[in-house]
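Structure, as structure tokens:
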Amino acid sequence: MGALGFLQQLEVSEGGTINAQALKQITAGGDGVGLRTYDPGYTNTSAVISHISFIDGDKGILRYRGYPIEELTEASYLESAFLVLYGNLPTRPELAAFNDSVMMHNGVPRAVEDVIHAMPHDAHPMAIILTGLCALSGCHPEQNPALAGQNVYKSREVQDQQIARLIGKISTLAALAYHKSTGRTAARPNQRMGFAENFLYMLDSNGSPSYRPNPRLVRALEIMFILHQEHEMNCSTAAARHLASSGVDVYTAVAGAVGALYGPLHGGANEAVLRMLERIGSVDNIPSFIAGVKSKREKLFGFGHRVYKNFDPRAKIIRGVADDVFKIAGKDPMIEVAIALQDAALSDDYFVSRKLYPNVDFYSGLVYRAMGFPPAFFTVLFAIPRVVGYCAHWRESLADPDTKILRPQQDYRGVWLRHFTPMSQRNQTATADRPAIKPPGNAYRR
């Protein structure tokens, strides 16, 4: 019923959405403003119509362009990337051309290397990745709408060149970030190798042209990368589309998305799982840990998901990858704790009734640690493949006739109106908000 008691019909789309503009026909509030929805966290808001990936959280389904994620683990990394970006699996000539385009663009300009070298040796690798992406924006002015004009991305050639650059260069930025803390020099990219193989080559070859990474570890990493390429409208992908809606260059949009991924509630969750398992220590301590979770004294990481209310399909695949990696690198002692924790949680109605099932982060940290990656690097390993998804959504948004600059509404609850008071007439109130001033250090007082 409307505010005046009349019925208002709203059209519901095939996807189960209504056009939010139609709500304006229903007046609400004392000022007569049309009805709006209040949805913190966008838990029930569809901001785009997309054709890239599909998730059914209740059934534990993830598909890229209609293909079940379980089947795509048979593909190569760039084969899956082509699918995510362009909508179909490539033919042999198409894949060869795409591979050549990505691999020929995996070198980074000297200016970008210089910026990274200027970073502190103990900078977080994600901070280095972000710095590198922003520097790339400055190194390619010919594609920047702020410099080349707002129509520059109407060219498919310009679009796809930036996509190839980003997919190719993100792995090189990651190698530079990795060795920033080791003090060693990342090897130059080897364009004759596959994507994942070249990445491990840059990390481990020490510049030896004859070095070849273990092919089974290469394949394990490739599967991990495929599983993380795309995941619908998550926090960082939404950030990419939000930034791109302003017309900013794609490097800046992707940097913003990677910045969102940097957050521990998004890309850093697998590191939290590893720390949790280390804190539990042994299988014998699981009952007391479970009791602590139930009493809110402990937090269970790696279970539950904003979307999945069933098993995360990626977690099942990673469990198999973990077995393959452990056969090569040795079994992580924490795997027994992880398996026992999973079994205990899944046999306890407290967790099952709340639909808390293992997610993608539960086993991925163990796999990456077994492969020799430090925990601080885990989020980088998430960012490398997710750039594919960011680019796919950027490309889709450019062709979407509904794309507008994103500008959400707000429900204002602040002071309605007051007038300027001269300094001499102001009084400090006890409830007024003010800066928290940190006392100056001794070096400042010197």
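Numbering (our numbering), first residue to last: 431 to 876.
Here a beta-carbon is modelled for each residue, glycine too, at the ideal position from N, C-alpha and C.
Predicted, not measured: the structure shown is a model, and the values here were computed from it.
Taking C-beta atoms as the reference points, Leu630 and Arg595 fail to come closer than 9 Å.
For Arg618, the closest alpha carbon among the candidates Val478, Arg744 and His535 is that of His535. Contact annotation, Ile559 with Ala813: C-beta distance approximately 6 Å; criterion of less than 8 Å satisfied. Scanning Ala829, Ala873 and Met801 for the CA closest to the CA of Gln589 turns up Ala829. As a beta-bridge residue in DSSP terms, Tyr494 pairs with Ser483 and Tyr497. Contact between Phe792 and Ala752 is absent: CB atoms are separated by about 10 Å, not below the 8 Å threshold. Around Leu651, the same chain offers Ala626 as residues with beta carbons nearer than 6 Å, after the five sequence neighbours per side are excluded. In this structure, the CA atom of Asn700 is about 16 Å from the CA atom of Pro743.
Counted as a single uninterrupted DSSP element, the alpha helix (DSSP H) harbouring Thr682 occupies residues Val680 to Leu691. Counting only the Cα atoms, Ile758 lies some 11 Å from Pro645.
DSSP, reduced to helix, strand and coil, places Ile448 within a strand of the structure shown. For the 9 Å CB-CB criterion, Ser510 and Gln659 form a contact. Around the beta carbon of His823, a 10 Å sphere encloses 16 or more other beta carbons of the protein chains shown; the residue is thus reported as buried. Taken atom to atom, the span from the alpha-carbon of Tyr820 to that of Ile593 is near 10 Å.
Sixteen is the threshold: when 16 or more other Cβ atoms of the shown chains lie within 10 Å of the Cβ of Gln573, as they do, the residue is buried. Asn628 is the residue among Asn628, Ile600, Pro694 and Asn449 whose C-alpha sits nearest the C-alpha of Pro643. A distance below 6 Å between beta-carbons, with the five flanking residues on each side excluded, links Pro539 to the following residues of its chain, in chain order: Cys569.
Less than 9 Å separates the beta-carbon of Ile656 from that of Leu502. Straight-line measurement puts the Cα of Tyr692 at about 16 Å from the Cα of Pro804. Every unbroken stretch of the alpha helix (DSSP H) spanning 4 or more residues and falling wholly within the segment 654–683 is given here in chain order: 665–674.
Contact between Ser666 and Ile835 is absent: CB atoms are separated by about 19 Å, not below the 8 Å threshold. Closest in alpha carbon position to Glu662, among Phe850, Leu453, Val542 and Leu492, is Leu492.
Residues of the same chain with a CB within less than 6 Å of the CB of Ala452, apart from the 5 flanking positions on each side, are Leu440 in chain order.
Ranked by Cα distance from Phe781, the options Gly750, Ser601, Ile720 and Asp762 are led by Ile720. It is roughly 16 Å from the alpha-carbon of Leu730 to the alpha-carbon of Tyr738.
Considered as a whole, the segment 563–587 harbours 575–578 as its complete alpha helix (DSSP H) runs of no fewer than 4 residues, in chain order.
Ranked by Cα distance from Ile716, the first of Met764, His696, Ser640 and Gly734 is Met764. Comparing alpha carbon positions, the residue from Ala605, Gly490, Val723 and Ala450 closest to Pro788 is Gly490. In chain order, Phe731 place their CB closer than 7 Å to the CB of Met706, counting only its own chain and leaving out the 5 sequence neighbours on each side. In the three-state scheme derived from DSSP, where H, G and I count as helix and E and B as strand, Pro639 is classed as coil. The Cβ atoms of Arg816 and Ala687 lie closer than 9 Å to each other. According to the DSSP secondary-structure assignment, Val442 is paired through a beta bridge with Ile448. In this structure, the beta-carbon distance from Leu563 to Leu603 falls below 9 Å.
Taking the CA atoms as reference points, Val818 sits about 13 Å from Arg671. Minimum Cα-Cα distance from Arg784 among the listed residues Val723, Arg799 and Phe756 corresponds to Val723.
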